[in-house]
Structure formats: structure tokens, C-alpha cells
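According to this note's numbering, the sequence shown holds residues 250 to 360 in order. Glycine is no exception: its CB is placed at the ideal position from the N, C-alpha and C atoms.
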Amino acid sequence: MTDNQHDLFADDHAAIGELFDNLDNIPDGELAEAWSSVLTISHYLGGRAIYLPRGDRLKEALRDYAIYDEFDGKNVQQLSERYGLCVPQIYAIIRKQRKLIRSRHQPELPY
């Protein structure tokens, strides 16, 4: 990974460590919101075996979605510079995201 790519999520490890150090000092409003999120996840996924990707895989998927979302057909070079990837990688990500989005809305034909 390039320095630009590392900078994208560089503060995650520090933030997680800081969170663990301050678990007893979470404001009540934020704690209530966190519990609400946990209960919602439990309601929809409770009792099921689910797969959560590793942090780097999840970050890569979120990055790829952001690249696709920001793509306007003319800004490949800017996206390449912003995310520290080469132009062919940007095109490959866009192609992959298009295929994923198409498969969600349009089932494949059996032939």
C-alpha cells in the first residue's frame, strides 16, 4: 500500500485503543445510540452465523464503493491520485462495482 492509502485509515488503530481506554467514560447519549444499534443488529441477525470481513477487506470494499460513487466518467485521473491507485485499477474497480450493482437489480438469465 502507498502512504496515501495508509493515510486513508491511519487513525483507526489509535481510535480503537482510545475507545477501549475510555469505555467507562462514554456519554450517555452515545451509549444509548450504541445499544440501539446493537439491538437492531440483534433483531435482524440474532441467532444467525454471519461473516464480518476483516477490517482491511471492509475498508477496501468501502473505498471501492466510494470510488464508484465519485466516478463521473471524466475524473479517473483525479480518483487515481486521491486514492493512490493507478488508472487501470480505478477502471477495474468501477467495472466490478457496476457488475455488483447490476446483479442486485437484474438477475442473471439461465442461459
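- Under the three-state reduction of DSSP, D305 is assigned to helix.
- R353 and R347 have their C-alpha atoms roughly 10 Å apart.
- Contact between I316 and I342 holds: CB atoms are separated by about 5 Å, below the 8 Å threshold.
- In the assembly as shown, L288 is an exposed residue. Its beta-carbon has fewer than 16 other beta-carbons within 10 Å.
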